[in-house]
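Residue numbers (the working numbering): 22 to 330. One structure is given below, encoded as structure tokens.
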């Protein structure tokens, strides 16, 4: 890149408006259920770093401006890469490292320990993301469930009690790979968590969010749960919002649920990959302070003084 990247300012408003239909969304949840668009997120970033939204721009070798927008979620200490634009400029040869480094150092993202993004598994610009420091941690599909058949499950979905949240944390820790568990907190840590209780035990947990176009949920079920299609149908009924579709994010450690979703006639998206780039955190340097010497004071030694007669 020939020009140093910088944060967006109000003079970049025409650029945001020009790219509003050319941005690529790297958050599958936002793309599915809706949320702040490219232009709205850019405007939030221009207001103040206190909004938790950062937007930066850089100039590529061919002179084309590149824009990246990210948002920090204080609940999980992660920053999510929301948009990059223009989409046509994202190729395997695109140099993204200075742009991403500028984004990671933005004051709005201070405190986040990683920058998170999602991309189609066959996206041609994935090599450029890897060159910029991103690593693939997991894979998932989004399943669109519109009108699931009503089936009787052996348990039920409920709002969790403190004890049930603790049990859901243990379930999540047992079923999630360590690296993903280190980055993504348990769904039970969020206010929108629900748990599946069967025979007095927590056998599943899900975090959910609602948007203009539907409801998104990421369930984690125990492999021994009875009648998985009925359990997922009960989750859809529990989260039903005025007939809007339910989008279930099924990660690779829960791929065994795909057969149950197929039985419910859910529609699968293309495979996505989870990308993470760790952010450097400032470390306070400890300055040693010398103790003042005391005049005529005996100094301690490791050996006792031996007097010869």
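From the three backbone atoms N, C-alpha and C, an ideal C-beta is built for every residue, glycine too. Here the structure is a predicted model, which means the values were calculated and not measured.
Checklist entry - Which word fits residue 112, buried or exposed, when buried means at least 16 other C-beta atoms lie within 10 angstroms of its C-beta? => result Exposed, since its Cβ has fewer than 16 Cβ neighbours within 10 Å.
Next on the checklist: Rounded to whole angstroms, what is the Cα-Cα separation between residue 177 and residue 185?
Outcome noted: Their Cα atoms are separated by approximately 13 Å.
Checklist entry - Can you tell me the Cα-Cα spacing of residue 218 and residue 286, whole angstroms? => result Spanning the two alpha carbons is a distance of roughly 25 Å.
Checklist entry - Based on Cα-Cα distance, which residue from 157, 73, 159 and 280 lies nearest to residue 124? => result Selected option, being the one with the closest Cα: 73.
Item to check | Coil, strand or helix - residue 31 by DSSP | outcome: Helix, per DSSP.
Checklist entry - My guess is that residue 79 and residue 26 are in contact by the Cβ rule of under 8 Å, so how many angstroms apart are they, rounded? => result Right, the Cβ-Cβ distance comes to about 4 Å (below 8 Å), so this counts as a contact.
Item to check | residue 45 vs residue 108 beta-carbon contact at 9 Å | outcome: Yes, they are a contact pair.
Item to check | Buried or exposed (CB count within 10 angstroms, at least 16 for buried), residue 161 | outcome: Buried: at least 16 other Cβ atoms inside 10 Å.
Next on the checklist: Can you check which of these residues, 192, 252, 165 and 210, is closest to residue 50 by C-alpha distance?
Outcome noted: With distances taken between Cα atoms, residue 50 lies closest to 165.
Next on the checklist: Using C-beta distances below 6 Å, list every residue in its chain close to residue 209, excluding the 5 sequence neighbours before and after it, in chain order.
Outcome noted: 186, 189, 190 and 226, listed in sequence order.
Next on the checklist: Which residue wins for smallest C-alpha separation from residue 130, given the options 151, 69, 147 and 281?
Outcome noted: Nearest to residue 130 by alpha-carbon distance, out of 151, 69, 147 and 281, is 69.
Checklist entry - So which of 96, 60, 133 and 41 has the shortest CA-CA distance to residue 297? => result Nearest option by C-alpha distance: 133.
Checklist entry - Taking just the CA atoms, how far does residue 242 sit from residue 275? => result Between residue 275 and residue 242, the alpha-carbon positions lie close to 8 Å from each other.
Checklist entry - For residue 234, which residues from the same chain have a beta carbon less than 6 Å from its beta carbon, with the 5 sequence-adjacent residues on both sides left out? => result Within its own chain, the residues whose Cβ lies closer than 6 Å to the Cβ of residue 234, once the five positions on either side in sequence are excluded, are 54 and 55, listed in chain order.
Next on the checklist: Would you call the segment 58–67 in contact with the segment 237–253, where contact means no fewer than 3 C-beta pairs closer than 8 Å?
Outcome noted: Here the segment 58–67 makes no contact with the segment 237–253; the two share fewer than three CB pairs at distances below 8 Å.
Checklist entry - Should residue 82 go down as buried or exposed, given a rule of 16 or more other Cβ atoms within 10 Å for buried? => result Here residue 82 is exposed. Its C-beta has fewer than 16 other C-beta atoms within 10 Å.
Checklist entry - Nearest to residue 212 by alpha carbon, out of 195, 97, 149 and 135? => result The alpha carbon of residue 212 has as its nearest neighbour, out of 195, 97, 149 and 135, the alpha carbon of 97.
Next on the checklist: Just to confirm, is the Cβ distance from residue 117 to residue 152 under 9 Å?
Outcome noted: Between residue 117 and residue 152, the C-beta gap is smaller than 9 Å, which places the two residues in contact.
Checklist entry - With 16 as the cutoff for other CB atoms within 10 Å, does residue 200 come out buried or exposed? => result When all chains shown are included, residue 200 counts as exposed.
Checklist entry - Residue ranges of each beta strand (DSSP E) run of no fewer than 3 residues wholly in the segment 206–275, ordered along the chain? => result Whole beta strand (DSSP E) segments, 3+ residues: 214–219, 222–232, 235–242 and 267–272.
Next on the checklist: Can you give me the C-alpha to C-alpha distance between residue 255 and residue 268, rounded to a whole angstrom?
Outcome noted: Distance between the alpha carbons of residue 255 and residue 268: 14 Å.
Next on the checklist: Quick test of your reading: residue 215 and residue 229, contact by CB under 8 Å. State the CB separation rounded to the nearest angstrom.
Outcome noted: The pair is a contact, with the Cβ atoms about 7 Å apart (cut-off 8 Å).
Next on the checklist: Can you tell me whether residue 146 is buried or exposed? The criterion is at least 16 other CB atoms within 10 Å of its CB, across all chains shown.
Outcome noted: That one is buried.
Checklist entry - From this set, 89, 93 and 249, which residue's C-alpha is nearest residue 110's C-alpha? => result Ranking the options by Cα distance to residue 110, first place goes to 89.
Item to check | Residue closest to residue 232, alpha-carbon to alpha-carbon, out of 135, 144, 150 and 58 | outcome: Scanning 135, 144, 150 and 58 for the CA closest to the CA of residue 232 turns up 58.
Checklist entry - Would you call the CB atoms of residue 198 and residue 293 closer than 9 Å? => result Cβ atoms of residue 198 and residue 293: not closer than 9 Å.
Item to check | Extent of the continuous beta strand (DSSP E) to which residue 295 belongs | outcome: Taken as a continuous stretch (DSSP letters only), the beta strand (DSSP E) holding residue 295 covers 293–299.
Checklist entry - Out of curiosity, what's the CA-to-CA distance linking residue 279 and residue 95? => result When rounded, the separation of the alpha-carbon atoms in residue 279 and residue 95 is 31 Å.
Checklist entry - In chain order, what residues of the same chain have a beta carbon less than 7 Å from the beta carbon of residue 206, not counting five sequence neighbours either side? => result Answer for residue 206: 97, listed in chain order.
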